[in-house]
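In terms of mature numbering (1 follows the signal peptide of the UniProt record, and there is no 0), the numbers along the sequence shown are unbroken and rise by one, the last being 364. Written below as structure tokens is the structure these notes are about.
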Amino acid sequence: RSTLQDVATRKGQPFLFGSTYDTYDADASFSQNVFSTFFNHVVAENGCKWDATEPTRGTADLTECLAVQSYATKNGATFRGHNTFWHSQTPTWLPGSITASDLVNNVIPQHVQQTIQGLGSSVTSWDVVNEIVGDGVSNGMSIAQSALQCVQNKKDWPTQTADGSNTALVTDLSFVHAAFTTALKYAGSTTRLAINDYNTGGSDAKTACVLAVLADINANAAIPYNRLAVGFQSHISTTSFISKSALSATFAKLAALGATAMITELDISLPSASSGYERLQAAIWGDYLDACLYASNCNEFINWDTRDDVSWLGTAQAGTLFDSSGNPKLAAFEVQARLQRYA
Ligand code: XIL
22 RSTLQDVATR KGQPFLFGST YDTYDADASF SQNVFSTFFN HVVAENGCKW
72 DATEPTRGTA DLTECLAVQS YATKNGATFR GHNTFWHSQT PTWLPGSITA
122 SDLVNNVIPQ HVQQTIQGLG SSVTSWDVVN EIVGDGVSNG MSIAQSALQC
172 VQNKKDWPTQ TADGSNTALV TDLSFVHAAF TTALKYAGST TRLAINDYNT
222 GGSDAKTACV LAVLADINAN AAIPYNRLAV GFQSHISTTS FISKSALSAT
272 FAKLAALGAT AMITELDISL PSASSGYERL QAAIWGDYLD ACLYASNCNE
322 FINWDTRDDV SWLGTAQAGT LFDSSGNPKL AAFEVQARLQ RYA
């Protein structure tokens, strides 16, 4: 915590370094310890998602989301919002008979408004839309695709019915624009509005798509770049990650626009637990952190899950900063060292 304070002083802006929390998580004393000494930023792992926050159409239930925000405040930490629109973890009423126009004109604006308004103006950033871009070259995508083609390339739409239909009904980006114009209207004046996605950060087709969608939101939903952010989830592994220089180049592209970059869900899977891989994991963790620390436009950095035994990846992946007994791993020491070096 005191190191993070020193980092903020050098950076000239708060540096928000955090992890996930939900009130029903096991091991309250471990959480209490890390969120009051090691992290200064909190995101709900599941508690602010659509299924949790609008279980019945039109009725907000922000109980868990607000409880996580209170937990952050109680621990002197800031809170980020994840998320207001995603194809996964949707309420049971959402698919089915809802039409695309109902979705764009009523369902999305209502959900975004009640969630963002309910959490208030202190939220540092909201993932307004999560994972709306298709999966890059594996799905035949090229760098030159339009924002609409990028979103149409998302293969989860038809089966997951996020657009309210059982067919791929993403015929335009009005659902994205609706989410962002509503978010801009109801968010605090300093809350960043993010488009968040995985397998991004380098000079690849999917990242090009994310940038294309960002430009579209700026142009067609009239959201100024200084309110916009790109969240790089960064669910990576020791064999598949973006180099520090490539990440830095991407962050710099956003800085040139006046937009913010953030690392939103970092975890780094190991092929198997061994000290050799743990060293590589630590080095990659440090490089992702450096890319954010040394970028003028990156000040939120979230590690996804606090320890290996509660990780969504499973214990065997050993993808978090703390082991299954809650002891800091090499990566945690590396993170501390990089923060100190920067400060
Ligand atoms: C995951 C949570 O960690 C799990 O507990 C849950 O069962 C599924 O979702 N991308 C995201 C996160 O944006 O919300 C996901 O979180 C991980 C992938």
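The C-beta atom is built at its ideal place from N, Cα and C for all residues, glycine as well.
Residue burial classification, residue i (beta-carbon count within 10 angstroms, cutoff 16)
{"i": "R362", "result": "exposed"}
{"i": "N217", "result": "buried"}
{"i": "D43", "result": "buried"}
{"i": "N61", "result": "buried"}
{"i": "A312", "result": "buried"}
{"i": "G157", "result": "buried"}
{"i": "T30", "result": "exposed"}
{"i": "T188", "result": "Residue placement at T188 is flagged as unreliable, the pLDDT there being 40, under the threshold of 50; a coordinate-derived value is accordingly withheld."}
{"i": "Q302", "result": "buried"}
{"i": "G68", "result": "buried"}
{"i": "Y309", "result": "buried"}
{"i": "N160", "result": "exposed"}
{"i": "Q26", "result": "exposed"}
{"i": "A240", "result": "exposed"}
{"i": "N54", "result": "exposed"}
{"i": "G102", "result": "buried"}
{"i": "A337", "result": "exposed"}
{"i": "Y315", "result": "exposed"}
{"i": "S346", "result": "exposed"}
{"i": "S167", "result": "exposed"}
{"i": "S317", "result": "exposed"}
{"i": "K350", "result": "buried"}
{"i": "N174", "result": "buried"}
{"i": "A243", "result": "exposed"}
{"i": "A353", "result": "buried"}
{"i": "S52", "result": "buried"}
{"i": "L360", "result": "buried"}
{"i": "S210", "result": "exposed"}
{"i": "A49", "result": "exposed"}
{"i": "G335", "result": "exposed"}
{"i": "S290", "result": "buried"}
{"i": "S293", "result": "exposed"}
{"i": "G185", "result": "Because the pLDDT of G185 is 44, which lies under 50, any placement of that residue in the model is unreliable, and the question is left without a value."}
{"i": "A273", "result": "exposed"}
Residues sharing a beta bridge with residue i, DSSP
{"i": "I153", "result": "Answer is none; I153 lacks a bridge partner."}
{"i": "W147", "result": "G102 and L214"}
{"i": "L37", "result": "E321"}
{"i": "G141", "result": "Its beta-bridge partners do not exist; DSSP assigns none."}
{"i": "H62", "result": "G39 and T99"}
{"i": "T281", "result": "A250"}
{"i": "T80", "result": "T77"}
Test item: CB-CB of residue i and residue j under 8 Å
{"i": "T77", "j": "W114", "result": "yes"}
{"i": "A98", "j": "G39", "result": "yes"}
{"i": "T41", "j": "E66", "result": "yes"}
{"i": "D288", "j": "T341", "result": "yes"}
{"i": "W71", "j": "T111", "result": "yes"}
{"i": "V144", "j": "F100", "result": "yes"}
{"i": "W325", "j": "V356", "result": "no"}
{"i": "A226", "j": "M162", "result": "yes"}
{"i": "G90", "j": "L37", "result": "The sequence shown places Gln at residue 90, rather than the Gly named in the question. No."}
{"i": "S109", "j": "M283", "result": "no"}
{"i": "V172", "j": "I153", "result": "yes"}
{"i": "D148", "j": "L169", "result": "no"}
{"i": "T24", "j": "V133", "result": "no"}
{"i": "D46", "j": "V331", "result": "yes"}
{"i": "T74", "j": "S142", "result": "no"}
{"i": "G279", "j": "N247", "result": "yes"}
{"i": "I129", "j": "A208", "result": "no"}
{"i": "L249", "j": "L235", "result": "yes"}
{"i": "V251", "j": "A215", "result": "yes"}
{"i": "I323", "j": "A229", "result": "no"}
{"i": "R263", "j": "G223", "result": "Note on identity: in this sequence residue 263 is Ile, with Arg being the wrong assignment. Yes; because the gap between Cβ atoms is below 8 Å, this pair is in contact."}
{"i": "A364", "j": "V28", "result": "yes"}
{"i": "F253", "j": "T281", "result": "no"}
**OP:** Identify every run of the alpha helix (DSSP H) within the segment 283-351, keeping only runs that are complete inside it and at least 4 residues long; order them along the chain.
**Re:** 296-314
Subject >> beta strand (DSSP E) segments (min. 3 residues) lying fully within the segment 218-275 >> reply: 249-253 and 256-258
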